[in-house]
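In short: position in the sequence shown from 1, add 286, done, that's the numbering used here.
Glycine is no exception: its CB is placed at the ideal position from the N, C-alpha and C atoms.
As the structure is a computational prediction, the values presented were derived from the model and not from experiment.
Everything on this sheet refers to the single structure shown next.
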Amino acid sequence: LLLPVVDWIKWLGFLRRHLLKCRWVAVAGVIMIGYWFERLVGESYMLVNIGMIAFAAAFQFVPAIIGGISWRKGNQAGALLGLGAGFVVWFYTLLLPAFVRSGWLSDSLLKQGPWGISLLKPEQLFGLVTLDSLTHGVFWSFLFNLGLYVLGSLYFEQSEQEKSLAEDFVGALTTSHSRGRSSHRESYIDAGTKQKIIEELLGQYLGEADAVSVTEKCLQAAGIMGQGRISIVDLAELHNEVEKCLAGSIGTAAAYRALRQAEIFSPVEARELSEVYAEILASLKVTPEELERKIDYYQEREALLTHHAAELEEKVKERTRDLEAAQEELIKREKLSVLGQLTAIVSHELRNPLGVIRSSTYFLSRKWADADEKSQKHLERIEQQVSICDSIIGELLEYTRGRRSAVVEGEINPWLAELLDQMNIPRNLAFLRALAPGLPAVHFDKETMRRVVVNLFENAVQAVTARQAAVDGNESYEPQVKVSTYASDSEVFIEVQDNGMGMDPETARRAFEPLFTTRARGTGLGLAIVRKIVEEHRGTVYLKSMPRHGTTVTVVIPRNGRPRE
Numbered sequence: 287l288l289l290p291v292v293d294w295i296k297w298l299g300f301l302r303r304h305l306l307k308c309r310w311v312a313v314a315g316v317i318m319i320g321y322w323f324e325r326l327v328g329e330s331y332m333l334v335n336i337g338m339i340a341f342a343a344a345f346q347f348v349p350a351i352i353g354g355i356s357w358r359k360g361n362q363a364g365a366l367l368g369l370g371a372g373f374v375v376w377f378y379t380l381l382l383p384a385f386v387r388s389g390w391l392s393d394s395l396l397k398q399g400p401w402g403i404s405l406l407k408p409e410q411l412f413g414l415v416t417l418d419s420l421t422h423g424v425f426w427s428f429l430f431n432l433g434l435y436v437l438g439s440l441y442f443e444q445s446e447q448e449k450s451l452a453e454d455f456v457g458a459l460t461t462s463h464s465r466g467r468s469s470h471r472e473s474y475i476d477a478g479t480k481q482k483i484i485e486e487l488l489g490q491y492l493g494e495a496d497a498v499s500v501t502e503k504c505l506q507a508a509g510i511m512g513q514g515r516i517s518i519v520d521l522a523e524l525h526n527e528v529e530k531c532l533a534g535s536i537g538t539a540a541a542y543r544a545l546r547q548a549e550i551f552s553p554v555e556a557r558e559l560s561e562v563y564a565e566i567l568a569s570l571k572v573t574p575e576e577l578e579r580k581i582d583y584y585q586e587r588e589a590l591l592t593h594h595a596a597e598l599e600e601k602v603k604e605r606t607r608d609l610e611a612a613q614e615e616l617i618k619r620e621k622l623s624v625l626g627q628l629t630a631i632v633s634h635e636l637r638n639p640l641g642v643i644r645s646s647t648y649f650l651s652r653k654w655a656d657a658d659e660k661s662q663k664h665l666e667r668i669e670q671q672v673s674i675c676d677s678i679i680g681e682l683l684e685y686t687r688g689r690r691s692a693v694v695e696g697e698i699n700p701w702l703a704e705l706l707d708q709m710n711i712p713r714n715l716a717f718l719r720a721l722a723p724g725l726p727a728v729h730f731d732k733e734t735m736r737r738v739v740v741n742l743f744e745n746a747v748q749a750v751t752a753r754q755a756a757v758d759g760n761e762s763y764e765p766q767v768k769v770s771t772y773a774s775d776s777e778v779f780i781e782v783q784d785n786g787m788g789m790d791p792e793t794a795r796r797a798f799e800p801l802f803t804t805r806a807r808g809t810g811l812g813l814a815i816v817r818k819i820v821e822e823h824r825g826t827v828y829l830k831s832m833p834r835h836g837t838t839v840t841v842v843i844p845r846n847g848r849p850r851e
């Protein structure tokens, strides 16, 4: 609405460069008017009723819009007559009763009609009493609007501009730009002159600097950058590019109107362009109707190809995701295969020598009971390292072979409390328990679930220990580990939470992978064993972590599930 007003009132031309800000002001004005109306009649009407009155007002534009894009004989006079009549009737049948109910006007207007004429009652116009007030107002306003639009358009003749606009919208085919270039057309049009006209036009909406850059962009897109003279086909291509760029800023209809007023084509050039289109049509040897059908056919094919291309792209992405998942699964299986082979070798080749070393160490410690302190420390170190090796072998065997389950049914809390009492808690660690009372009984293997809790607790202790070692003198830090239990309708939860080092997203994503570890002396099987045991209990395990904010691992055991034996 603003651009036609600016074109009509010349001294408002500076507003073209501030269209966005003008829209802001217009929106603010509409909001203020709505607030004023709500304060005026809001106590008499519910918000939904006010909205329906506004909808009826917006509905008055429907005849002019639909007629403008579908009826060639529609014109400006008919549209103005229809809109004027529609809004007058809308005001009389809907807005005026709102003012009456708000106390601004006498209620005799609704009961008796103006001057006592009952046929002119706003809510019972011409004796129509079977409709509610909203339907009544919409019916009469739309009837007057549509009737005067049709009668006015038939009575008043169209101007040449209105005929052209009607053809542009109703017969959209006639404005389609041909992409074919005619090689025998003479390049006689001064490109510099056209460039100045376009820059002046764009400068009214974009500013001088942006106008120059957009014009150069359009020249490059049309393939005529740097040419002194261009043909009529080149000019048509340039005109099309300018219209597309300008439409992105002010809208398609406004851009089309602005280019028509700029007169980029002289009368001679316009006639020559018509000849070009006539030659193209003649060379095709088809009627205009046949040409229209062919264009529709190829447009449908283009739309279909675009749709298939999008589907194909989505399928390619889906297949790529499947391949990546399959590749990860293959790598995992290869790791497990290697792990199984390694376990067989380790269990057979290393446990016997480790047993001999352990026995020999025990014999030496008994024989050299009175040995010096240094020798005793060396013997103790040998025993510790043998225990570590034996523990690693045990983890490998447990992960690859598993163990026979001894399933019991009972409550988690008593067993977990006894297990936590046996834990070796570091002195400087704040250890918290939050065991919810009255948990439902579940089926679980005490020994394997003990391994789950111990692994998670040891990981938490190692995380807070590493965080404490990294704390500088200015930071206050208290290491803390918390073990919690709670339940839902169908599941029991065991949660181990720490405020340690935490993990980055990639490490957290791979934390349960076998043989994945960030520690120098880790096996990468701790959390993998945890997940395997929990899955054997038909449960799930979740991990949430954030660097320097800690980690939370949640074990979920179903109430009605029974572990696989």
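Would you kindly work out how many angstroms separate the C-alpha atoms of residue 580 and residue 420, rounded to a whole number?
47 Å
With DSSP as the reference, please indicate the residues paired to residue 515 in a beta bridge.
476
Contact check, residue 430 vs residue 371, beta carbons under 8 Å:
yes
Spatial neighbours of residue 375 in its chain, beta-carbon cut-off 6 Å, leaving aside the 5 residues before and after:
426, 427, 430
If you check the beta carbons only, do residue 768 and residue 720 fall under 8 Å apart?
yes
Less than 8 Å separating the beta-carbons of residue 526 and residue 439?
no
Residue 787 to residue 772 span [Cα, whole Å]
25 Å
How many Å lie between residue 472 and residue 350 at the Cα?
44 Å
Euclidean distance between Cα positions of residue 522 and residue 494:
23 Å
Report the CB separation of residue 346 from residue 377 in whole angstroms; it is logged as a contact under 8 Å.
About 10 Å; that fails the 8 Å criterion.
On the premise that residue 528 lies in contact with residue 562, defined as a C-beta separation below 8 Å, what is that separation, rounded to the nearest angstrom?
Contact flag wrong, Cβ pair sits at about 18 Å.
Taking just the CA atoms, how far does residue 531 sit from residue 504?
8 Å
According to DSSP, is residue 735 helix, strand or coil?
helix
Cβ atoms of residue 779 and residue 841: under 8 Å apart, would you say?
yes
Just grab the DSSP bridge partners of residue 843 for me.
778
Every unbroken alpha helix (DSSP H) inside the region 686-730 [4 residues or more]:
698-707
If we define contact as Cβ-Cβ less than 8 Å, is residue 726 a contact residue for chain C?
No chain C is present in this structure, which holds just one protein chain.
Can you tell me which of the three DSSP states residue 465 falls into?
Bear in mind that the predicted position of residue 465 carries a pLDDT of just 42, short of 50, making it unreliable; the figure below should be weighed with that in mind. Residue 465: coil per DSSP, three-state reduction.
Out of curiosity, what's the CA-to-CA distance linking residue 524 and residue 483?
12 Å
Quick one: is residue 558 buried, meaning 16 or more other Cβ sit within 10 Å of its Cβ, or exposed?
buried
Roughly how many angstroms lie between the CA atoms of residue 448 and residue 556, to the nearest whole one?
18 Å
Which residues in the same chain as residue 392 place their Cβ atom closer than 8 Å to its Cβ, once the five residues preceding and following it in sequence are excluded?
386
Quick one: what does DSSP say residue 563 is sitting in, helix, strand or coil?
helix
What three-state label does DSSP hand residue 830 in the structure shown?
strand
The alpha helix (DSSP H) enclosing residue 397, as first and last residue numbers:
394-397
Rank 750, 734, 722 by C-alpha distance to the C-alpha of residue 711 and give the top, closest one.
750
Hey, quick one: how far does the beta strand (DSSP E) through residue 770 stretch, first residue to last?
766-773
Between 597, 666, 659, 638, which has its C-alpha nearest residue 649's C-alpha?
666
Going by DSSP in three states, residue 410 sits in which element: helix, strand or coil?
coil
Along the chain, where does the alpha helix (DSSP H) containing residue 422 start, and where does it finish?
419-441
How is the alpha helix (DSSP H) around residue 376 delimited, first residue to last?
362-376
Using a Cβ-Cβ cut-off of 6 Å (strictly less than) and excluding sequence neighbours within five positions of residue 838, which residues of its own chain qualify?
783, 830
Name the DSSP bridge partner or partners of residue 783?
768, 838
Decide if residue 569 is buried, meaning its Cβ has at least 16 other Cβ atoms within 10 Å, or exposed.
exposed
Could you check how far apart the C-beta atoms of residue 367 and residue 434 are, in whole angstroms? I think they sit under 8 Å.
4 Å
Please report the distance separating the alpha-carbon of residue 382 from that of residue 369.
18 Å
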